[in-house]
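Protein sequence lines correspond, in order, to chains R and D. Taking our numbering, I'd label the letters of the first sequence as residues 202 to 358. Taking our numbering, I'd label the letters of the second sequence as residues 89 to 352.
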Amino acid sequence: MSTVSMTVNGEAVCGEVESRTLLVQFLRENLGLTGTHVGCDTSQCGACVIHVNGKSVKSCTMLAIQADGADVTTIEGLANEAGLHPMQQAFMDNHGLQCGFCTPGMVMSALDIVNRNGHELDESTVRKELEGNICRCTGYHNIVKAVQAGAKAMGGS
Amino acid sequence: MYEFNYRKVDSVAAAVEAMQQAEDGKFVAGGQTMLPTMKHRLASPSDLIDLGGVAELTGISVENENLIVGAMTTHAAVAASAEVQQAIPALARLAGNIGDPAVRNRGTLGGSIANHDPAADYPAAVIALGATVQTSKRAIPAEEFFTGMFETALKDDEIVTSVSFPLPEAAAYMKFENPASRYAIVGVFVAKTGGEVRVGVTGATACAHRGFRLEAALGGELDAGGIDAVELPVEQMNSDIHASAEYRAHLVKVMTKRAVEACQ
């Protein structure tokens, strides 16, 4: 067992992990942050996407020990006392989810898209950039609309 | 995933030493193939030696008409690099179409070529551009590096440190991708360098390779007129649920033509 420490959603945390403990397991099982989901074991579905040092990663394909010292943001870190993050609100307003399982990863990937591509996103950009996130309910149309609307709202805030 | 000893190192020398001490060690670069492989228990190393903290393995530079990319440079960094976009734009585009954005933030050039998945993108570029793979021991020409499915010329304690790509006059990569995994069902990289046109093929067979028959049909020119008449050895093509051997042979020629046209 090794001790890892990192910043998660602005708070310093630490815990005991095996070498093989995945970052997503550490978040869910040690820290109780169950908003980050596991939808596959092949790194394809994107339900586990979080930000590590400001970049999107699949937390099922990174060891907890590799995030030692890192700055981590999960879906739980987005909303504040004033309400939902504009991207979360956009998913709600545009009916960008049905069962909701993929939604945390979708939102975290959406924020990464905005970070790299700005606030005015065309549909084809969003669709290409969401290649690593799979939704089995919606058919993606409303997710794409939500990402575009959320990006715009973030620019205005 | 079975438990293992995790070894974080900060230099190539320390990584090599850790490997020599390990019973059955593996290096991990970005881990985007290594970790899923371990999760599925297809690999169970005694020690995992993490190259993620080795600063000397990252970076991009242009020196003496060569683009040099450090082995631990991520696909995202290559895709976004102004230097790569200027020097070999086809390589930046290739990197920007590997996997998906989150995978590109972790996956690396060195990890990709050391793993040598037969459907990976980078091997086609390394071969067609006539690159040289620099390791902790030696310099290996691209054509001698990829030796078989998931096999390379690397020794167990040898680490890819960088890849040196001679700057081409023209280059393009065309991939017919699996829409779920984004791996190449067939990918063809065409490059004209120093008056010679080379073709690198991935996804089609067990091993990324030079398309000598295609190169002969091109005859050193970026003119795809003779490609249709090329006869490819269908019996050597991969055949799986994604594409039959016959279809892959067809795709190799189609992707070659598209890449040649994109070079113009």
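Using N, Cα and C, we set each Cβ at its ideal position, and we do this for glycine too.
Within-8 Å CB hit, residue 177 of chain D to chain R:
Counting from one through the second sequence, the residue named residue 177 of chain D turns up at place 89. No, residue 177 of chain D does not count as interfacial toward chain R.
Identify the contact partners of residue 193 of chain D in chain R, using a Cβ-Cβ distance below 7 Å as the criterion.
By one-based count along the second sequence, residue 193 of chain D stands at place 105. Residues of chain R passing the Cβ test: 256, 257 and 258.
Check whether the stretch 186 to 194 of chain D and the stretch 255 to 266 of chain R are in contact - that is, three or more C-beta pairs closer than 8 Å.
yes
Residue 250 of chain R: contacting residues in chain D (beta-carbon distance under 8 Å)
Position 49 of the first sequence, counted from the start, is the residue given in the question as residue 250 of chain R. Correct list: 190.
Local Cβ density within 10 Å of residue 302 of chain D, reported as buried at 16 or more and exposed below that
Taking the second sequence and counting its residues from 1, one reaches residue 302 of chain D at position 214. Answer is buried; the Cβ neighbour count reaches 16.
Use the C-beta contact count for residue 118 of chain D: other C-beta atoms within 10 angstroms, 16 or more gives buried, fewer gives exposed.
Here residue 118 of chain D refers to the residue found at position 30 when the second sequence is read from its first residue. Label assigned to residue 118 of chain D: buried.
Is the beta carbon of residue 272 of chain D closer than 8 Å to that of residue 209 of chain D?
Position 121 of the second sequence, counting from 1, holds the residue named residue 209 of chain D. Position 184 of the second sequence, counting from 1, holds the residue named residue 272 of chain D. A contact, by the Cβ cut-off of 8 Å.
Given a limit of 7 Å on CB to CB distance, which residues of the stretch 259 to 271 of chain D reach chain R?
268, 269 and 270
Extent of the continuous alpha helix (DSSP H) run through residue 203 of chain D:
Residue numbering aside, residue 203 of chain D sits at position 115 when the second sequence is read from its first letter. First-last of the alpha helix (DSSP H) with residue 203 of chain D: 197 to 203.
Less than 8 Å between the CB atoms is what I'm expecting for residue 235 of chain D and residue 227 of chain D, so what's the real figure, rounded?
Along the second sequence, read from residue 1 onward, the residue named residue 235 of chain D stands at position 147. Along the second sequence, read from residue 1 onward, the residue named residue 227 of chain D stands at position 139. Going by Cβ atoms, the distance from residue 235 of chain D to residue 227 of chain D rounds to 16 Å, so no, they are not a contact pair.
Which residue wins for smallest C-alpha separation from residue 206 of chain R, given the options R:242, R:272 and R:223?
Counting from 1 along the first sequence, the entry for residue 206 of chain R is found at position 5. When only C-alpha atoms are compared, the closest one is R:272.
On the criterion of 16 or more Cβ atoms from any shown chain inside 10 Å, does residue 323 of chain R qualify as buried, or is it exposed?
In the first sequence, counting from the first residue as 1, residue 323 of chain R sits at position 122. Counting Cβ neighbours within 10 Å, residue 323 of chain R comes out exposed, since fewer than 16 surround it.
Collapsed DSSP secondary structure at residue 322 of chain R in the structure displayed
In the first sequence, counting from the first residue as 1, residue 322 of chain R sits at position 121. Reduced to three states, the DSSP call for residue 322 of chain R is coil.
Does the beta carbon of residue 109 of chain D come closer than 8 Å to any beta carbon on chain R?
As a first step, residue 109 of chain D must be located in the second sequence, where it is residue number 21. Output row for residue 109 of chain D: interface = no.
Any idea what DSSP makes of residue 225 of chain R, helix, strand or coil?
Position 24 of the first sequence holds residue 225 of chain R. Looking at residue 225 of chain R - three-state DSSP - the assignment turns out to be helix.
Exposure of residue 341 of chain D, with buried meaning 16 or more beta-carbon neighbours within 10 Å
Your numbering for residue 341 of chain D matches position 253 in the second sequence. Buried, because 16 or more other Cβ atoms sit within 10 Å of the Cβ of residue 341 of chain D.
Contacts of residue 226 of chain R in chain D (Cβ-Cβ under 8 Å)
Looking up residue 226 of chain R in the first sequence gives position 25. Under the 8 Å cutoff, chain D gives no residues; its nearest Cβ is about 10 Å from residue 226 of chain R.
Listed by chain order, chain D residues near residue 330 of chain R by CB distance under 8 Å:
Your numbering for residue 330 of chain R matches position 129 in the first sequence. Neighbours of residue 330 of chain R on chain D, chain order: 189.
Residue span of the alpha helix (DSSP H) that contains residue 177 of chain D, given as start and end:
Working through the second sequence from its first residue, we reach residue 177 of chain D at position 89. Start and end: 177 to 183.
Could you list which residues in chain R have their beta carbon closer than 8 Å to that of residue 197 of chain D, in chain order?
In the second sequence, the residue the question calls residue 197 of chain D occupies position 109. Correct list: empty, because the minimum Cβ distance to chain R is about 17 Å.
Check whether the stretch 149 to 161 of chain D touches the stretch 192 to 206 of chain D, counting contact only when three or more Cβ pairs, one atom from each stretch, lie closer than 8 Å.
yes
For chain R, check one thing: does any of its Cβ atoms lie closer than 8 Å to the Cβ of residue 93 of chain D?
As a first step, residue 93 of chain D must be located in the second sequence, where it is residue number 5. Yes, contact with chain R.
Can you check the stretch 272 to 344 of chain D for any alpha helix (DSSP H) of at least 4 residues that lies completely inside it and give the ranges in chain order?
300 to 306
Could you check the C-alpha separation between residue 146 of chain D and residue 336 of chain R for me, to the nearest Å?
Against the second sequence, residue 146 of chain D aligns to sequence position 58. Against the first sequence, residue 336 of chain R aligns to sequence position 135. Residue 146 of chain D and residue 336 of chain R: Cα-Cα distance of roughly 35 Å.
Kindly indicate the opening and closing residues of the beta strand (DSSP E) around residue 258 of chain D.
In the second sequence, counting from the first residue as 1, residue 258 of chain D sits at position 170. Its beta strand (DSSP E) spans residues 258 to 265.
Give the straight-line distance between the Cα atoms of residue 255 of chain D and residue 171 of chain D, rounded to the nearest whole angstrom.
Reading the second sequence from its first residue, position 167 is the one you call residue 255 of chain D. Reading the second sequence from its first residue, position 83 is the one you call residue 171 of chain D. Rounded to whole angstroms, residue 255 of chain D to residue 171 of chain D spans 12 Å at the Cα level.
So, is the C-beta of residue 333 of chain R closer than 8 Å to a C-beta in chain D?
By 1-based counting over the first sequence, the position of residue 333 of chain R is 132. So, interface residue.
Backbone secondary structure at residue 284 of chain R - three-state DSSP:
For the purposes of this step, residue 284 of chain R is identified with residue 83 of the first sequence, where counting begins at 1. The answer is strand: DSSP assigns residue 284 of chain R an E or B state.
Backbone secondary structure at residue 141 of chain D - three-state DSSP:
Residue numbering aside, residue 141 of chain D sits at position 53 when the second sequence is read from its first letter. Three-state result, residue 141 of chain D: helix.
Cβ of residue 206 of chain D within 8 Å of any chain R Cβ
To locate residue 206 of chain D, count along the second sequence from 1; it is residue 118. By this cut-off, residue 206 of chain D is not an interface position.
Rounded to whole angstroms, what is the Cα-Cα separation between residue 137 of chain D and residue 163 of chain D?
Here residue 137 of chain D refers to the residue found at position 49 of the second sequence. Here residue 163 of chain D refers to the residue found at position 75 of the second sequence. Their backbone Cα atoms lie some 21 Å apart in a straight line.
Rounded C-alpha distance that separates residue 106 of chain D from residue 246 of chain R
As a position in the second sequence, residue 106 of chain D is number 18, starting the count at 1. As a position in the first sequence, residue 246 of chain R is number 45, starting the count at 1. Taking the straight line from one Cα to the other gives about 34 Å.
Using a Cβ-Cβ distance cut-off of 8 Å, determine whether residue 123 of chain D contacts chain R.
As a position in the second sequence, residue 123 of chain D is number 35, starting the count at 1. Output row for residue 123 of chain D: interface = yes.
When the cut-off is 8 Å and only beta carbons count, does residue 310 of chain R lie next to chain D?
As a working note, residue 310 of chain R is residue 109 in the first sequence. Output row for residue 310 of chain R: interface = yes.
By the criterion of Cβ-Cβ separation under 8 Å, what are the contact partners of residue 160 of chain D in chain R?
Position 72 of the second sequence, counted from the first residue, corresponds to residue 160 of chain D. Ordered by position in chain R, no residue passes the 8 Å Cβ test against residue 160 of chain D, which lies about 13 Å from the chain.
Simplified DSSP assignment, three categories, for residue 254 of chain D:
What you label residue 254 of chain D is simply residue 166 of the second sequence in a count that begins at 1. Residue 254 of chain D falls in the strand class under three-state DSSP.
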